[in-house]
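One structure is given below, encoded as structure tokens.
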Amino acid sequence: MHPFDYYKPKDFDEAFAMLTQPGKKVIPLAGSTDIIPMVRDERWLPDAVVDIKGLPGLRDIKLVDSGPLCCAGQTAQCLYIGAAARMNEIAHSELVQQYASVLAQAAQEVGHEQVRNRATLGGNMGTASPAGDTLSALLVLEADVLVKGKDEERCIPALKFFLGPRKTALQPGEIILGVQVPPLPEGTLGRYLRISRRKGADLAIVGLSVMAIPAEGGYQWRIGLGAVAPTPIRVPEAETILATGHDEATVEKAIQATLAAARPIDDIRATAAYRREMVVQLTRRALQDIIAQIP
Amino acid sequence: MLHEITLNVNGELHIVPVKSHHTLLTVLREQLGITSPKRGCENGECGACTVLYDGKPVNSCMVLAVEAEGHVIETVESLAKNGELHPLQKSFIEHNAVQCGFCTPGMLMSAKGLLAENPHPTEEEIKHALAGNLCRCTGYVRIIDAIKDVADHS
Amino acid sequence: MTKQTTDPVGKSVPRIDAYDKVTGAVQYVDDLQFGPGLYYGKLVHSPHAHAIIKKVDVSKALAVPGVKAIVTGEDTPHRMGLYMQDRYIFARDRVRYYGEPVAGVVAISEEIAEQAAKLVEVEYEVLQPVFDPYEAAQPDAPLLHPDMAEYQWPPFIFPEPGTNISEHFKLRKGKVTDEGVDPEVWAQCAAIVEKTFRLPQIQHVPIEPHVAVARWDLSGEVTLWSPSQSPFAQRDLLAQGLGIPHGNVRVISPYVGGGFGGKAGISIEANVVVMAKAVKGHPVKVRMTREEEFFCTNVRQSLYAHTKIGCDKDGHVLAMETAYYFGGGGYNDYGVNIARAAGYSCTGPYSIPNVKGDSHSVYTNTPIGSAMRGFGMPEIHWGIEQIMDRLADEIGMDPAEFRRINCVKTGDTILTGMKMPAVDLVQCIDKVTEAINWGKEEPPSAPHKKRGKGIAIMWKAPAMPPNPGSSAIVRFNEDATVNVYVGAQDIGQGAFTVAAQMAAQVLGIPYEWVRVSVNPVDTKYSPYEWQTVASRITWSMGNAVRAAANHARTQILEIVAKYWDEDPADLDIKNGVVISYKSEREQPLKKMVVYGLPNENYEGWQGGPIIGSGKFMPTYVTNLDPDTGQGARAVVHYTVGAQAIDLEVDTETGEVEILKIASAYDVGKAINPDLVMTQIEGGAVHGMSSAFEGMFFDENGRLKNPSLVDYKIATAMDIPKEIHGDIVETPLEDGPWGARGVGEHVMVQTAPAIANAIYNATGVRFDDLPLSAEKIYRAIHAQEEQEQ
Ligand SMILES: Cc1cc2nc3c(=O)[nH]c(=O)nc-3n(C[C@H](O)[C@H](O)[C@H](O)COP(=O)(O)OP(=O)(O)OC[C@H]3O[C@@H](n4cnc5c(N)ncnc54)[C@H](O)[C@@H]3O)c2cc1C
Ligand code: FES
Ligand code: FES
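Chains as they are written, first to last, in my numbering: chain A, 1 to 295; chain B, 296 to 449; chain C, 450 to 1237.
In structure tokens, the structure reads:
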């Protein structure tokens, strides 16, 4: 494996000093489940990694008050998930199950047990693979991403965070502190579904996050897709259609709108054509599943 | 970069110089001579290198050795106590859950991690917990049986 | 030693190796420690599938500090091969597949070797590659081995120099000419099905990748540590390939972390030995990464099969024409014998009166096709077993009944003219159909699912030269415990356990008294064994162990008989004690098996340390006529079996869920029934997984999925909901206690059984592997569209 240096900072100042060494390619390291394979394949060649897992607050999963940056203007508390929280911690967290069920479900689908004990939410976001399981869930949750650089903290809506395959809105030297999920009304329903070649430990061919949020006189819907475009995407067209109701005909229209939003490619895991078909099937299943739960 | 670290493996402390980019798997096998974690892919895919890390199964090929300082690492060598096999080991023997044996140490560690968290898993939960441990020989049937047997009798 | 299992043959005693395997005590090759003198090596791989090597420049790589030596084709002038001697250890003039080793770098660390390997500069002139075996067999195909005529091969292989065909086996039976089966026979057929089937290359995926350590001593002794199914064959090939005496080569093979044929014969081991020669006195270790394991070690061949079979209205199969083209990869050193085996078994387990079969292995610019579990049989059964289903369908007969009528039966004159040794395939069919409620339509678990059942049957003979030998030694210790020595390998199938059971049975001692002293197998000390392949070990090694134990037993009985002045024929050994049925005297084996027994009044002694040796080699296999494939005895025997599958297809996704797979095999005698069951279970999952596996190459021959990320094998979550097994026991004439092998057979017909069940569920058929949810989904929907 290509050699690199390893630093473990005591605090944020040290972390940023290490991350911003001039002339060096230094990247944050969390669970290393993307970094090690990528360096082995020589697709990433960092000079050094900075282990950010131990920084204060990065593994917290808790409720927080609305802040000046993220979660601004919320009257109720937001769910904060530290960037270094592991997939299994997220999947098993009662808080996440309660406040962001779709994310708990998505985290449960990542890789396999050993990977989920290492892989972090921040790492999944940092890698920004189109197939990253948690990403479409963050989109439908309309989570805010709290980001910190040497000089400032910023809040980036998840909807604006993913810019392309392996491209995010992070500036060099910035790290993700965590995400904040705005409060959702009681009765919110969420479903994450995916399809892969094998049932066990495989990457998603299509990933789908759906949420139904009780709103005046009915439900507001959110649909997010993974692995069918250069980034995870939301499907506002379908959401608008569903806002009018969820009878069979409307659901079919929403499915067609979801399909129209997908821009998949052929790769070794599936053809674009099959991905499109699976967008249809998964959307139908997820919608039916949620509709069945609507009281 | 070289780091001198103390690794806690199977209750013993080892002071070892490790390179930044070397994985825990490499250091356990090549520097400490603890060879039960196997090298099957070094890519997080096969689970042959599974160890317990603070009680939870992880792929030791997906962990940098340097960051393992201060954590508790367990391998199959720690299972038998006072010359007595661990119930999982006994059960693997009784159920013929072992063929070539290459996946066995990783399977045992995954199984131990599972039962510590969930002492009475269902068959589906066992399968789910083993999804990251590939076995090409047994078809998994006996491994699942062996784990179930231990869970049922604990 | 509390538990005492007497007469262990036929009992499910625990595996002899299990304790060491669950405690982590077992050492595989990469676990062995070689001290600070150990060097590491890395191979330099060809980046082209087909090219002429113009120049190799190692100067930059050699200049890297820590690099000790670099070897290239210059250093390996001898051709090598198990059957077809077509391969240089390192490519010399030409590379024939992407990933072929062109150089080996030896350095003080693996990292330095890896970095230096990138600096080896090779100039290539790229040639037109050919990947498809059928295309490669055509006269205008790019030629991979223009010098084939100069190669050496055994008399039973028939290559066609000037083409890419490295073996052409011809089978002609009944009313046939080289043109085909007599049209009159076809005219009698009520149904004829003719189809082309294609299978991709797939990989064994043992969880332990290939690794080898070699040391070339200054004395000229060469030691190789390798996880090997074939330590003796490796010794033979190394001695040949390097021009050194067999006695100077020592192959040490500890436990193997999964073989499946991939660790049979030789792959990277010879490269490592040559690298070690360049740094005499230092052990050199080379480990394949998982990626290299995929493209630089052996794989299962691809197959193009064109098959036509016809039956009369009562369901009797009358005729078959088949042409097989195995894509053997760049070198067919082992692969030629797979095409041959597929040729002399080309009908599958059916008695067919008129057969024209042509089986070829063909050079293709892909990784080396070699032995894999089933050795050609899974490949050919894929097509045959689907055609048989189609025929049954066309004449309106139940597919299980169709197979009962046509399958091979004891005493049949089979395709090569040989009389079928005793087997009971009909009973296997009965068992599996019963196990899955054959004929009973059962509802799927959801409206969008379709449920179906399918059956497939199989046969397979050990495919090997006519005379592969086994040998064994049993040696008594003072306390009457016994050490058994064999040269066979335990690759997970349980060979050592059955060796111990057999020795204990013959010697009349409890199973627990036996140690199998073969870890590691060491060609310097272990008795000879041809190879642990062909599912021949229980049978062949078993016969050798039985002979060795009998040899020891005879010595013991003679000594005691003399001591008691009785006839040895009246004596027996029970539970470690020699007894006389006549005088009812007793003599424990303890002590006497080493110290002997005193004469009367201690006037002298007799006996002494008991060591038994035994061997086995089949002596009755005959030549086959090169033009017709006919001969008195083509093979030693066949193992037969059946599988039936109950499954559901999700019509919305194409996903398949196997609800139940039932298998039954005629193993002659189950020496250890539970170990047979573990083969049946593991094989069912391996077979199921293999139906969904494939190696995919780009247009330049580069493997697109050389990792477990994109070459998926079944996980615990993917296995059938229920796996059922039945053992049928029709004794084999020359098997130990009647036993024959079953290790490979357990996956041979799984893929076509799945395909037949999918057809039963959905009405859709697949001619090509691999299957995938996507492919199934598309086929179901294409069919729906057609219907509309
Ligand atoms: C066997 C296996 C199976 C997998 N299966 C799946 C799967 O099914 N679904 C899936 O989505 N993924 C899968 N992955 C990929 C991987 O596990 C996930 O993407 C994981 O979430 C990455 O997290 P990590 O903590 O390991 O990241 P790391 O490898 O530590 O880092 C990944 C990237 O994110 C950056 N990064 C990490 N933390 C931060 C931070 N706080 N701020 C800024 N940048 C940061 C790093 O610099 C790096 O660029 C799999 C991986 C393996 C090895
Ligand atoms: S070696 Fe670590 S998962 Fe395969
Ligand atoms: S026993 Fe061989 S891989 Fe599991």
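Think of the CB as a built atom: it goes at the ideal place given N, C-alpha and C, for glycine as much as any other residue.
Predicted, not measured: the structure shown is a model, and the values here were computed from it.
1) Under the criterion of a Cβ to heavy atom distance below 6 Å, does C432/B qualify as lining ligand 2?
2) Listed in chain order, which residues of the stretch 395-428 of chain B have Cβ atoms closer than 7 Å to some Cβ of chain A?
3) Does the beta-carbon of S984/C have 16 or more other beta-carbons within 10 angstroms, so that it is buried, or is it exposed?
4) Would you check whether ligand 1 has a heavy atom nearer than 6 Å to the C-beta of L29/A?
5) In this structure, how does DSSP classify I205/A when only helix, strand and coil are distinguished?
6) Just curious, the beta strand (DSSP E) that L189/A is in, first and last residue?
7) Excluding the five sequence neighbours on either side, which residues of its own chain have a C-beta within less than 6 Å of the C-beta of W1186/C, listed in chain order?
8) So what's C745/C in DSSP terms, helix, strand or just coil?
9) Are there any heavy atoms of ligand 3 lying less than 6 Å away from the beta-carbon of I656/C, as far as the coordinates show?
10) Count the other CB atoms within 10 Å of the CB of L374/B; is the residue buried (16 or more) or exposed (fewer)?
11) Between G187/A and Y80/A, which are expected to be in contact by the criterion C-beta below 8 Å, what is the C-beta distance as a whole number of angstroms?
12) Check each residue of the stretch 346-375 of chain B: if its Cβ is closer than 8 Å to any Cβ of chain A, include it; give the result in chain order.
13) Distance cutoff 7 Å, beta carbons only. Does P655/C sit that close to anything in chain B?
14) Please state whether DSSP places P28/A in a helix, a strand or coil.
15) Take the Cβ of Q577/C as the centre, count every other Cβ of all protein chains shown within 10 Å, and call the residue buried at 16 or more, exposed below.
16) Alpha carbon to alpha carbon, how far is P9/A from L163/A? Give it in angstroms, no decimals.
17) Can you tell me the Cα-Cα spacing of R285/A and C638/C, whole angstroms?
18) Would you say G245/A lies against chain C (beta-carbon separation less than 7 Å)?
19) Compute the minimum distance between the beta carbon of N428/B and the heavy atoms of ligand 2, and state whether it is under 6 Å.
20) How about E325/B: is its Cβ closer than 6 Å to a heavy atom in ligand 2?
21) Between P1058/C, K1161/C and K899/C, which has its C-alpha nearest G1103/C's C-alpha?
22) Can you say whether M450/C is buried or exposed, counting buried as having 16 or more other CB atoms within 10 angstroms of its CB?
23) Could you tell me the distance, in whole angstroms, from the CA atom of D939/C to the CA atom of A48/A?
24) Report buried or exposed for G245/A, applying the criterion of at least 16 other Cβ atoms within 10 angstroms of its Cβ.
25) Chain A partners of M737/C, CB-CB under 8 Å?
26) What number of angstroms, rounded off, separates the C-alpha of A273/A from the C-alpha of A169/A?
27) Select from I538/C, E572/C, H499/C and R536/C the residue whose C-alpha is nearest the C-alpha of Y547/C.
28) May I ask you to list, following chain order, the residues of the stretch 1155-1186 of chain C that have a beta carbon less than 7 Å from some beta carbon of chain B?
29) Counting along the chain, where does the beta strand (DSSP E) carrying E770/C start and finish?
30) Under a CB-based cut-off of 7 Å, is E574/C close to chain A?
31) Can you give the Cα-Cα distance for L1220/C and H1194/C, rounded to whole angstroms?
32) Do you know whose CA, among I829/C, K1040/C, G943/C and Q652/C, lies nearest S819/C's CA?
33) Can you pull the chain C neighbours of Q281/A, defined as C-beta to C-beta under 8 Å?
34) Just by C-beta distance, which residues in the stretch 1129-1147 of chain C are closer than 8 Å to chain A?
Considering the structure as presented:
1) no
2) S405, A424, A426 and G427
3) buried
4) yes
5) coil
6) L189 to I195
7) V458 and K1118
8) helix
9) yes
10) buried
11) No, G187/A and Y80/A are not in contact; Cβ-Cβ is about 22 Å, not under 8 Å.
12) Y348, K351, P352, V353, N354, C356, M357, V358, L359, V361 and E362
13) yes
14) strand
15) exposed
16) 29 Å
17) 49 Å
18) no
19) no
20) no
21) K899/C
22) For M450/C, the predicted model reports a pLDDT of 46, less than 50, meaning its position is unreliable; a value from the coordinates is still stated below. Flag for M450/C reads exposed.
23) 45 Å
24) exposed
25) Chain A residues near M737/C: none, gap ~14 Å exceeds 8 Å.
26) 30 Å
27) H499/C
28) S1156, L1157, V1158, I1162, T1164, A1165, M1166, I1168 and I1172
29) V766 to G778
30) no
31) 21 Å
32) Q652/C
33) E1101 and T1102
34) F1141 and F1145
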